[in-house]
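So the structure is just underneath, and the comments pick up after that.
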Amino acid sequence: MALSIKITNFEGPFDLLLHLIKKNEMDIYDVRIMEITNQYLQYLNDMKEMDLEITSEFIVIAATLIEIKSKLLLPKPKVEESENEEDAAKELIEKLVQYKKYKLASEFLASKQRETGAVFSKKPEIIEEKNSKKENPLDLLKNVTMLDLYNLYNELINNYINKMNVGSSFQDKIQIETFKIEDKMEELKSLTSSSSKLYFTKLIRKYESKTEVIVTFLALLELIKLKTVKVIQEKNFYDIYIERIEDSE
Numbered sequence: 025m026a027l028s029i030k031i032t033n034f035e036g037p038f039d040l041l042l043h044l045i046k047k048n049e050m051d052i053y054d055v056r057i058m059e060i061t062n063q064y065l066q067y068l069n070d071m072k073e074m075d076l077e078i079t080s081e082f083i084v085i086a087a088t089l090i091e092i093k094s095k096l097l098l099p100k101p102k103v104e105e106s107e108n109e110e111d112a113a114k115e116l117i118e119k120l121v122q123y124k125k126y127k128l129a130s131e132f133l134a135s136k137q138r139e140t141g142a143v144f145s146k147k148p149e150i151i152e153e154k155n156s157k158k159e160n161p162l163d164l165l166k167n168v169t170m171l172d173l174y175n176l177y178n179e180l181i182n183n184y185i186n187k188m189n190v191g192s193s194f195q196d197k198i199q200i201e202t203f204k205i206e207d208k209m210e211e212l213k214s215l216t217s218s219s220s221k222l223y224f225t226k227l228i229r230k231y232e233s234k235t236e237v238i239v240t241f242l243a244l245l246e247l248i249k250l251k252t253v254k255v256i257q258e259k260n261f262y263d264i265y266i267e268r269i270e271d272s273e
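See the structure below:
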């Protein structure tokens, strides 16, 4: 029966060798050179008859196979020649192993290319508004004082209370105590001008409302900021007292 061979477009001589090894169910480390050589040469002849281009690489591998095969057929009088034959066969197998690794990697990459061939990606970029300046969040409170914040808070509370009282059936309304920081600032300035030392605990002890204590404390902080008064604590856990700064209004 004539040998029927299906010609394939091999990428190179090692591609053809791998095909023959797989076809003959050989292990890549146990290649039967004689069988492979005959089939390899048969493929080259068929490729030539079909007017396919045969590169020098195919010819070189064919020559290498023929050389190894001929040395296997000839008697081996010397040990050195046998070692040379084994080295040539070993070198060829090592090249086949490396080629197989690259071939598997190329097939994997080709499959990924097919999967993502219709997918287009875009590099991430930071989108900034035109003519926009980055502002420091702290700049928003640059010209805002503690007094402004308190007055705003007090205004919001009063608006909320007024809304709650709208439509109420009670004739008598509970009066909400309101204290202003400005008034407490004046009170503290007056007390510090007439007293050498104004103890803070003694000051707030006379207040019955927590709100008044808080407002007084905020007023004290504002006066410290304006360098109108100063607070002193002689030792840890000692009472804090307030003094008027000289030459302050």
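Numbering of the sequence shown is given in this note's numbering, commencing with residue 25 and proceeding in unit increments.
For glycine and all other residues, C-beta sits at the position ideal for the given N, C-alpha and C.
Here the structure is a predicted model, which means the values were calculated and not measured.
Smallest Cα separation from residue i: which of the options?
| i | options | result |
| --- | --- | --- |
| I269 | N178, V255, K259 | V255 |
| I264 | L128, L133, F241, E139 | F241 |
| E258 | S233, Y223, K230, L250 | Y223 |
| S94 | N62, L128, L227, A129 | N62 |
Beta carbon of residue i, beta carbon of residue j: below 8 Å?
| i | j | result |
| --- | --- | --- |
| M170 | E246 | yes |
| T235 | F203 | yes |
| A243 | L215 | no |
| Y174 | I150 | no |
Grab me the residues of residue i's own chain with a C-beta within less than 6 Å of its C-beta, minus the 5 sequence neighbours each way, in chain order.
| i | result |
| --- | --- |
| K221 | Y265 |
| N182 | none |
| E139 | none |
Going along the chain, which residues of its own chain have a beta-carbon closer than 7 Å to the beta-carbon of residue i, five neighbours each way excluded?
| i | result |
| --- | --- |
| K208 | V239, T240, A243 |
Go through its chain and collect everything with a Cβ distance to residue i's Cβ below 8 Å, but skip five positions before and after it.
| i | result |
| --- | --- |
| V253 | L212, K213, T216, L244, L247, I266, E267, R268, I269, S272 |
| S193 | Note that S193 scores a pLDDT of 48, beneath 50, so its modelled location is shaky; the value from the coordinates is reported in the next line. Nothing listed; no residue qualifies. |
| Y231 | V237, T240 |
| P99 | none |
Fully enclosed by the region 217-258, which alpha helix (DSSP H) runs are 4 residues long or longer? 224-228, 234-249
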